[in-house]
Amino acid sequence: MVDFSKNYFELFGLPVGFRIDRAALSSRYRDLQRVVHPDRYANASDQERRLSLQQATLVNEAFETLKDPVRRARYLLSLNGIDEDDSQQTTRDAAFLMEQMELREALAEAPQQADPHAEVDGLMRRIDDMIKSLVAQMAMQFETGTPEQLEAARESVRKMQFLNKLHAEAEALEAELEENL
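Laid out in structure tokens, this is it:
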């Protein structure tokens with residue numbers, strides 16, 4: 129059974145850190161699901177079924193958190209005593225915010241371009257490159273783990289939230305353009 133007192137990394141038998149072995153995470157997830165999945169407890173007592181459901185929920189939440197870079201970073205920050213204050217969800221990096229405005233304008237203008245599909249594709253590649261760069265930065269920030277680096281990681285998380293939202297908007301526009309073909 130699952131030990132509810134363990135953090136997500138301990139639950140999956142992984143070292144606490146931003147860089148994770150995704151194959152080991154997936155393998156351990158499947159192993160844990162085989163043990164706690166509610167279907168295995170269909171004929172068990174109400175208490176055993178409830179416990180199984182709670183454990184499966186914990187395993188699913190832990191897996192979803194660890195596999196997603198932003199959620200993993202936020203979780204690591206919380207393990208280090210740094211909780212994100214929802215009122216402070218924006219970055220203080222003016223150059224980054226200006227770049228976001230420019231990307232949003234380009235995305236809004238993409239449907240009017242000669243080749244809107246190529247325009248959106250180019251914007252998505254640019255956003256993907258920015259996301260990859262931030263993920264690499266966060267890995268180094270968490271590896272160092274100093275208070276200054278953890279604060280920088282917190283800032284990186286804020287930027288990632290902008291980029292993920294922008295990427296989702298670009299995907300939605302891409303789907304809309306496909307529908308209109």
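Numbering (this note's numbering), first residue to last: 129 to 309.
Backbone N, C-alpha and C define an ideal beta-carbon position, used for all residues, glycine too.
Classification of residue i by the beta-carbon crowding that lies within 10 angstroms, buried from 16 upward
{"i": "Met229", "result": "exposed"}
{"i": "Leu194", "result": "buried"}
{"i": "Thr219", "result": "buried"}
{"i": "Ser173", "result": "exposed"}
{"i": "Glu307", "result": "exposed"}
{"i": "Glu192", "result": "exposed"}
{"i": "Ser215", "result": "Interpretation of Ser215 is limited by its pLDDT of 48, a score under 50 that renders its predicted location unreliable; the figure taken from the coordinates is listed afterwards. Exposed, because fewer than 16 other Cβ atoms sit within 10 Å of the Cβ of Ser215."}
{"i": "Glu304", "result": "exposed"}
{"i": "Arg156", "result": "buried"}
{"i": "Gln175", "result": "exposed"}
{"i": "Lys134", "result": "exposed"}
{"i": "Ala151", "result": "exposed"}
{"i": "Leu235", "result": "buried"}
Spatial distance of residue i from residue j (CA atoms)
{"i": "Ala298", "j": "Asn292", "result": "10 Å"}
{"i": "Ala296", "j": "Thr274", "result": "32 Å"}
{"i": "Asp256", "j": "Pro239", "result": "20 Å"}
{"i": "Arg200", "j": "Phe132", "result": "18 Å"}
{"i": "Leu179", "j": "Arg162", "result": "15 Å"}
{"i": "Phe270", "j": "Leu309", "result": "45 Å"}
{"i": "Gly209", "j": "Glu279", "result": "11 Å"}
{"i": "Leu153", "j": "Phe140", "result": "7 Å"}
{"i": "Gln241", "j": "Phe290", "result": "24 Å"}
{"i": "Ala223", "j": "Lys287", "result": "11 Å"}
{"i": "Glu283", "j": "Val248", "result": "27 Å"}
{"i": "Pro166", "j": "Arg158", "result": "14 Å"}
{"i": "Gln265", "j": "Tyr169", "result": "44 Å"}
{"i": "Glu227", "j": "Asp243", "result": "22 Å"}
Option in the options with minimal Cα separation from residue i
{"i": "Ile259", "options": "Gln175, Leu205, Asp196, Ala170", "result": "Asp196"}
{"i": "Val263", "options": "Val198, Lys134, Glu279", "result": "Val198"}
{"i": "Asp211", "options": "Ala281, Asp167, Val187, Leu225", "result": "Ala281"}
{"i": "Asn188", "options": "Phe137, Leu294, Pro143, Leu278", "result": "Phe137"}
{"i": "Val285", "options": "Asp149, Tyr203, Glu176, Pro166", "result": "Tyr203"}
{"i": "His245", "options": "Phe224, Ala300, Met268", "result": "Ala300"}
{"i": "Ile311", "options": "Glu279, Ala267, Leu278, Lys287", "result": "Outside the displayed span of the chain (129 to 309) sits residue 311, for which this structure offers no information."}
{"i": "Val130", "options": "Met226, Phe146, Asn171, Ala190", "result": "Ala190"}
Where residue i sits in the DSSP three-state scheme
{"i": "Asp243", "result": "coil"}
{"i": "Gly250", "result": "helix"}
{"i": "Ala298", "result": "helix"}
{"i": "Ser215", "result": "Bear in mind that a pLDDT of 48 at Ser215, under 50, signals an unreliable position, so the number given afterwards is only what the model happens to contain. Residue state, collapsed to three classes: helix."}
{"i": "Asn188", "result": "helix"}
{"i": "Asp221", "result": "coil"}
{"i": "Pro166", "result": "helix"}
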